[in-house]
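In UniProt numbering, the protein residues as written are 1 to 316. Glycine included, each C-beta is placed from N, C-alpha and C at the ideal position. All of these numbers come straight from a predicted model, not from anything done at the bench. First the structure, in the form of structure tokens, and then the observations on it.
The following block contains the structure:
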């Protein structure tokens, strides 16, 4: 350990020497200094001196900036942010430094885009989003949306929609349902564009749950009707369940809504949507179906022969 620390300080000393000017040396040797700072950062990292490693990476980034080797500057900035991230696993007191780590990583990602490496930028934003989730959901949403935009601009729709999915779930978790509805619709459009229709069906379920929690039955119904244009939706398990859910909600039938929302199709969605399903209530408290008398049962059987129930064989 001591050997690594001494090695790191030796590299720092060499870097500082490269940056000095003299009568015979008019210009600092930024390239050599950056190399020494990088080596110092690695040595500090191996010695578990993560704060010192971060500072060395920042000094490396500054040297690269002065040397106009910008691509290396971005990597050093991102590395500085990741050093803060690693440090947080060792000390709970460093949790308040997450925003500082995000600042470095986000700055590096912007530079990656400017330098023509958008994929690297989007991946950096994704890592930053995961890092900040436990502290600031709104910032995590912002980072995931930025990552989605970068991927979308590069026609990388599969990666873009994955980032959007993360943003949508966090918006639901924050009960920002208006924003979540917009985000899920964008997801659905992307899945339709890449012809992933089964996932479009699942996104329709998510949309309906969000709209019903917004008390907007018309928007929920519209989502289902628009989905009939998707190949395979009509008559599918998802379609039947949604028809039953909307019927039960519209008729304030608490039993039917509860039955659909507690079916495996809904319960085993992503956790944030499953919670919407379980907590959904019909307007006004709803009503429960009264148990049929023997006479009513006989009459119901005759009527059933004459007029078959539209939802026979469904979930409920």
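Nonlocal neighbours in the same chain, by C-beta distance under 6 Å from residue i, ignoring five residues either side
i           : result
residue 10  : none
residue 180 : 168, 171, 172, 210
residue 166 : 144
residue 257 : 248, 249, 282
residue 251 : none
residue 126 : 147
residue 40  : 8, 11, 12, 56
residue 195 : none
residue 32  : 18
residue 220 : 208, 211, 212
Neighbour-count burial assignment, residue i, 16 or more Cβ in a 10 Å radius
i           : result
residue 98  : buried
residue 218 : exposed
residue 207 : buried
residue 229 : exposed
residue 118 : buried
residue 60  : buried
residue 1   : exposed
residue 270 : exposed
residue 155 : exposed
residue 16  : exposed
residue 120 : buried
residue 38  : buried
residue 24  : exposed
residue 52  : buried
residue 22  : exposed
residue 85  : Note on residue 85: pLDDT 45, under 50, position unreliable in the model; the coordinate value appears next. Residue 85 should be labelled buried.
residue 101 : buried
residue 267 : exposed
CA nearest to the CA of residue i, picked from the options
i           : options            : result
residue 212 : 201, 62, 177, 202  : 177
residue 186 : 175, 158, 174      : 158
residue 243 : 201, 28, 156       : 201
residue 318 : 131, 193, 271      : Residue 318 is absent from the structure shown; the chain starts at 1 and stops at 316.
residue 241 : 139, 280, 135, 265 : 265
residue 153 : 53, 183, 122, 132  : 122
residue 65  : 224, 272, 6, 30    : 30
residue 63  : 45, 43, 20, 101    : 20
residue 14  : 246, 36, 268       : 36
residue 237 : 136, 255, 260, 221 : 260
residue 4   : 28, 34, 42         : 42
residue 321 : 34, 6, 184         : Coverage of the chain is limited to positions 1 through 316, which leaves residue 321 absent and any answer about it impossible.
residue 137 : 174, 223, 149, 235 : 174
residue 163 : 45, 134, 129       : 129
Same chain only: Cβ atoms within 7 Å of residue i, ignoring 5 sequence neighbours per side
i           : result
residue 124 : 78, 105, 108, 109, 112
residue 141 : 167, 170, 171
residue 161 : 187, 190, 191
residue 46  : 4
Own chain residues within Cβ distance below 8 Å of residue i, not counting five before or after
i           : result
residue 215 : 283
residue 262 : 277, 278
residue 301 : The predicted position of residue 301 is uncertain, since its pLDDT is 45 and thus under 50; a value taken from the coordinates is nonetheless stated next. Closer than 8 Å at the Cβ level, and outside the excluded window around residue 301, lies no residue.
residue 233 : 197, 200, 201, 204, 227, 239
residue 28  : 18, 19, 20, 21, 66
residue 133 : 140, 170
CB contact below 8 Å: residue i versus chain D
i          : result
residue 30 : The structure shown contains no chain D; it holds only a single protein chain.
Open item on the list: If we require 4 or more residues per run, which alpha helix (DSSP H) segments fall completely within the stretch 145-192?
Closed with: Along the length of the stretch 145-192, whole alpha helix (DSSP H) runs at least 4 residues long occupy 157-173, reported in chain order.
Task: Any alpha helix (DSSP H) of 4 or more consecutive residues that is wholly inside the stretch 199-228 - done: Fully enclosed alpha helix (DSSP H) runs of 4 or longer: 217-227.
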